[in-house]
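Enquirer: Here the protein sequences come in this chain order: A and B. Numbering of the first sequence is given in my numbering, commencing with residue 62 and proceeding in unit increments. Numbering of the second sequence is given in my numbering, commencing with residue 155 and proceeding in unit increments.
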Amino acid sequence: MDPLHQFQINPILQIVIAGYDVSFTNSAFFMVVAVALIYALLVFGMSGRALVPGRLQSLAEIFYEFVANMVRDNAGHDARPYFPFVFAIFMFVLFGNLVGMIPFTFTFTSHIIVTFTLAATVFVFVTVLALMKHGLHFFSFFMPHGAPVMLAPILIPIEVISYLMRPVSLSIRLFANMMAGHTMLKVFAGFTVMMISGLGAVGFLAGLVPLAINIALTGFEFLVAFLQAYVFSILTCLYIRDALELH
Amino acid sequence: MPNLLAKRRLVRWSGAAGASLATLTVLAGNVLAATAEHAPEAAHGGEHAAGGLPQLNPATFPTQIFWLALTFITLYYLLSKKALPRVAEVLEERQERISRDLSKAASLKEEAEGAMAQVDQSLAGARSEAQALIAQVAAEIDANNHARQAQLNAENAERLRSAEANIAAAKEQAIANVRSISADIARDVAGRLAGLNVDAAQADAAVAAVIEERRS
């Protein structure tokens with residue numbers, strides 16, 4: 062009945078490399094599942110190479126064009142080479158969220174360490190990209206253009222902190238959304254079970270209320286699953302644009 | 155050519171991204187493993203007595219980071235090398251096909267418009283030809299009518315003139331007759347009343363003088 066039990070990491074296969082416990086766990090299993098599903102969708106979906114696409118091919122193409130448009134509109138035309146990176150991020154997060162919506166699965170995006178590692182990857186990626194593209198000129202990013210020089214002692218620390226906070230906010234947003242949503246689903250489901258076991262026949266009727274809420278929440282969670290993947294990748298696009306343009 | 159260039163850059167960047175991800179993972183793993191030894195209960199120990207949030211258990215961090223890195227790099231590799239170029243190819247092919255069909259449709263439309271113009275032109279030609287023909291026939295009919303009219307007028311005038319001549323002749327005849335009869339009567343009357351023997355020529359001259367006098 063513990064609503065947090067669903068977040069428990071359970072090893073399936075014990076593996077220790079160089080002193081670190083890197084066991085194959087339920088989390089790892091669903092990461093593999095997500096990757097396999099994404100790859101299967103794109104490869105089997107596109108295997109027909111039909112001029113007029115079928116359902117699966119349409120889905121694959123919609124994902125492709127959705128992310129391609131997102132990259133073009135938010136990161137600019139120069140960001141084309143980084144499209145696969147954004148696409149991988151979007152699909153990985155989206156499928157992680159969606160696979161987690163299936164009962165008895167594990168939502169690996171509800172773990173802060175996973176979202177933080179992804180966000181940090183984005184952070185390091187855009188920082189390295191900006192440094193490679195602009196060299197030391199990159200640090201001018203922390204002094205807003207046209208601001209009075211006198212304000213520099215205040216502005217620069219603020220800008221630096223807000224830049225360093227990017228991976229934190231990016232990871233916590235996704236993690237907190239996924240964890241909160243799944244916990245709520247479990248809590249309301251728990252209400253129904255408790256009412257039935259505690260109140261008997263009346264409980265069946267009263268239990269319908271949290272059940273109805275749970276149904277609505279499930280729909281809401283699907284929206285959140287998509288929205289958070291979208292937010293995560295659109296912010297990645299915006300960071301890439303910052304790195305490319307240093308506005 | 156730009157497509158080829160973009161692909162080469164894409165490959166280069168996929169390598170760079172993979173490398174940075176791997177480096178980051180190793181770094182983060184080290185840092186987290188180090189902090190895992192001190193951090194856990196100190197921060198959240200009080201609130202979550204029974205183990206707390208599974209998310210905050212640092213013992214599970216290395217495995218999650220390891221498998222995330224492994225699966226994400228695999229995904230990135232599969233997508234950038236295999237899946238995405240295939241999708242791009244299909245989309246490009248379709249775009250090409252569509253634009254080819256569109257240009258074909260445009261040329262066909264142009265052709266149809268040309269044919270339409272030709273039809274219009276020949277129609278206009280036929281119409282003007284018909285108009286000319288109508289005008290010609292009308293003129294012919296008009297001329298015919300005029301000629302007939304003139305001929306009839308001339309005939310009528312001729313008939314009128316001969317009739318008038320006949321009338322004049324008849325009138326002359328009648329006057330001549332009246333003169334000779336009048337002369338005869340005048341000679342007779344003069345002989346009977348006055349016993350004068352007037353000869354024919356004298357009587358005739360007298361009657362002619364009277365007639366002349368009345369006429370004027």
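Glycine included, every Cβ here is placed at the ideal spot set by N, Cα and C.
So, A79/A versus L305/A, is the Cβ gap smaller than 8 Å?
Expert: Your numbering for residue 79/A matches position 18 in the first sequence. Your numbering for residue 305/A matches position 244 in the first sequence. Taking 8 Å as the Cβ cut-off, A79/A and L305/A do not qualify as a contacting pair.
Enquirer: Bridge partners for Y81/A per DSSP, in chain order?
Expert: As a working note, residue 81/A is residue 20 in the first sequence. DSSP lists I78/A as partners of Y81/A.
Enquirer: Any idea what DSSP makes of I163/A, helix, strand or coil?
Expert: The residue given as residue 163/A occupies position 102 in the first sequence. Coil at I163/A, not helix or strand.
Enquirer: Give the secondary structure of P72/A by DSSP, where H, G and I count as helix, E and B as strand, and everything else as coil.
Expert: Position 11 of the first sequence, counted from the first residue, corresponds to residue 72/A. The answer is strand: DSSP assigns P72/A an E or B state.
Enquirer: May I have the straight-line CA-CA distance separating L175/B from R240/B, to the nearest angstrom?
Expert: For the purposes of this step, residue 175/B is identified with residue 21 of the second sequence, where counting begins at 1. For the purposes of this step, residue 240/B is identified with residue 86 of the second sequence, where counting begins at 1. Note on L175/B: pLDDT 47, under 50, position unreliable in the model; the coordinate value appears next. L175/B and R240/B: Cα-Cα distance of roughly 25 Å.
Enquirer: When the Cα atoms are used, what is the spatial distance from R253/B to V113/A?
Expert: For the purposes of this step, residue 253/B is taken as residue 99 along the second sequence, with counting starting at 1. For the purposes of this step, residue 113/A is taken as residue 52 along the first sequence, with counting starting at 1. Position check: residue 253/B holds Ser in this sequence, whereas Arg was assumed. Answer to the nearest angstrom: the Cα atoms are 15 Å apart.
Enquirer: So, T244/A versus P64/A, is the Cβ gap smaller than 8 Å?
Expert: Along the first sequence, one-based indexing puts residue 244/A at 183. Along the first sequence, one-based indexing puts residue 64/A at 3. Taking 8 Å as the Cβ cut-off, T244/A and P64/A qualify as a contacting pair.
Enquirer: Along the region 249-262 of chain B, what residues have a CB closer than 7 Å to any CB found in chain A?
Expert: Going along the region 249-262 of chain B in chain order, one finds R251 with a Cβ nearer than 7 Å to chain A.
Enquirer: Measuring only between beta-carbons, confirm whether I163/A sits less than 8 Å from chain B.
Expert: Indexing the first sequence from 1 puts residue 163/A at position 102. With 8 Å as the cut-off, I163/A does not count as an interface residue toward chain B.
Enquirer: Would you mind working out which of I295/A, I217/A, I99/A sits nearest K236/B, comparing C-alpha positions?
Expert: Position 82 of the second sequence, counted from the start, is the residue given in the question as residue 236/B. Per the Cα distances, I99/A.
Enquirer: Please list the residues of the region 94-109 of chain A that have a C-beta atom closer than 8 Å to any C-beta atom in chain B, keeping them in chain order.
Expert: Listed by position, the residues of the region 94-109 of chain A near chain B (Cβ gap below 8 Å) are A95, V96, I99, Y100, L103, V104, M107.
Enquirer: S88/A versus chain B: which residues are under 9 Å apart at the beta carbon?
Expert: Sequence index remark: in the first sequence, residue 88/A carries index 27 (1-based). Correct list: T214, T217, Q218, W221, L222.
Enquirer: Any idea if L197/A is buried or exposed, counting beta-carbon neighbours within 10 angstroms, 16 or more meaning buried?
Expert: The residue given as residue 197/A occupies position 136 in the first sequence. It counts as exposed.
Enquirer: So, helix, strand or coil for T86/A, using DSSP?
Expert: Here residue 86/A is taken as the residue at index 25 of the first sequence, counted from 1. Note: T86/A maps to strand in three-state DSSP.
Enquirer: A181/A and I348/A - do their beta-carbons sit closer together than 8 Å?
Expert: Because chain A here runs from 62 to 308, residue 348/A falls outside it and cannot be looked at.
Enquirer: Kindly indicate if chain B contains any beta-carbon less than 8 Å away from that of L305/A.
Expert: For the purposes of this step, residue 305/A is taken as the residue at position 244 of the first sequence. Not one chain B Cβ lies under 8 Å of L305/A.
Enquirer: Which class does V113/A belong to by DSSP, given the choice of helix, strand or coil?
Expert: Numbered from its first residue, the first sequence carries residue 113/A at position 52. Looking at V113/A - three-state DSSP - the assignment turns out to be coil, as it is neither helix nor strand.
Enquirer: Taking just the CA atoms, how far does E265/B sit from Q272/B?
Expert: Within the second sequence, residue 272/B is the residue found at index 118, counting from 1. Within the second sequence, residue 265/B is the residue found at index 111, counting from 1. Using only the alpha carbons, I get a separation of about 11 Å.
Enquirer: Taking P246/A as the reference, which of V285/A, G259/A, R116/A has the closest Cα?
Expert: Taking the first residue of the first sequence as position 1, residue 246/A is located at position 185. The displayed chain sequence assigns Leu, not Pro, to residue 246/A. Ranking the options by Cα distance to L246/A, first place goes to V285/A.
Enquirer: Mind pulling the chain A residues with CB within less than 8 Å of Q209/B?
Expert: In the second sequence, counting from the first residue as 1, residue 209/B sits at position 55. In chain order: F68, S171, H172, I173, I174, F236, M240.
Enquirer: Excluding sequence positions up to five away, which residues of its chain have a Cβ less than 6 Å from the Cβ of R333/B?
Expert: Working through the second sequence from its first residue, we reach residue 333/B at position 179. Only V361 meet the Cβ criterion.
Enquirer: Of all Cβ atoms in chain B, is any one closer than 8 Å to the Cβ of Y81/A?
Expert: Translated into positions along the first sequence, residue 81/A becomes position 20. Y81/A counts as touching chain B.
Enquirer: For a cutoff of 8 Å on Cβ pairs, would you count T253/A as touching chain B?
Expert: Position 192 of the first sequence, counted from the first residue, corresponds to residue 253/A. It does not: the Cβ of T253/A has no partner Cβ on chain B nearer than 8 Å.
Enquirer: Compare the C-beta of L269/A with all C-beta atoms of chain B and state if any pair is closer than 8 Å.
Expert: To locate residue 269/A, count along the first sequence from 1; it is residue 208. It does not: the Cβ of L269/A has no partner Cβ on chain B nearer than 8 Å.
Enquirer: Taking 8 Å as the limit between beta carbons, can you name the residues of its chain near I76/A, skipping five residues before and five after?
Expert: Indexing the first sequence from 1 puts residue 76/A at position 15. Cβ within range, chain order: D82, V83, S84, F85.
Enquirer: Cβ of P64/A less than 8 Å from any chain B Cβ?
Expert: For the purposes of this step, residue 64/A is taken as residue 3 along the first sequence, with counting starting at 1. Cβ-Cβ to chain B under 8 Å: no for P64/A.
Enquirer: Taking 8 Å as the CB-CB limit, is A278/B close to chain A?
Expert: Along the second sequence, one-based indexing puts residue 278/B at 124. No, A278/B does not count as interfacial toward chain A.
Enquirer: Using only CA atoms, which one of H195/A, S294/A, L179/A, G261/A lies nearest to F127/A?
Expert: In the first sequence, residue 127/A corresponds to position 66, counting from 1. The option with the nearest alpha carbon to F127/A is S294/A.
Enquirer: Let me see if you follow: with CB-CB separation under 8 Å, is A237/B close to chain A or not?
Expert: In the second sequence, the residue the question calls residue 237/B occupies position 83. So yes, A237/B belongs to the interface.
Enquirer: What number of angstroms, rounded off, separates the C-alpha of F236/A from the C-alpha of A260/B?
Expert: As a first step, residue 236/A is located in the first sequence; it is residue number 175 there, counting from the start. As a first step, residue 260/B is located in the second sequence; it is residue number 106 there, counting from the start. Taking the straight line from one Cα to the other gives about 53 Å.
Enquirer: Could you tell me which chain A residues have their CB closer than 7 Å to the CB of R240/B, listed as they occur along the chain?
Expert: Working through the second sequence from its first residue, we reach residue 240/B at position 86. Going along chain A in sequence order, the residues near R240/B (Cβ under 7 Å) are M107.
Enquirer: I need the straight-line Cα distance from Q249/B to L103/A, nearest angstrom please.
Expert: Mapped onto the second sequence, residue 249/B falls at position 95. Mapped onto the first sequence, residue 103/A falls at position 42. If you take the alpha carbons of Q249/B and L103/A, they lie about 19 Å apart.
Enquirer: With distances taken between CB atoms, is the gap from T166/A to G157/A smaller than 8 Å?
Expert: On the first sequence, position 105 is the one that residue 166/A refers to. On the first sequence, position 96 is the one that residue 157/A refers to. No; because the gap between Cβ atoms is not below 8 Å, this pair is not in contact.
Enquirer: Three Cβ pairs or more, each shorter than 8 Å: is that satisfied between the region 254-264 of chain A and the region 205-219 of chain A?
Expert: Segments in contact, no.
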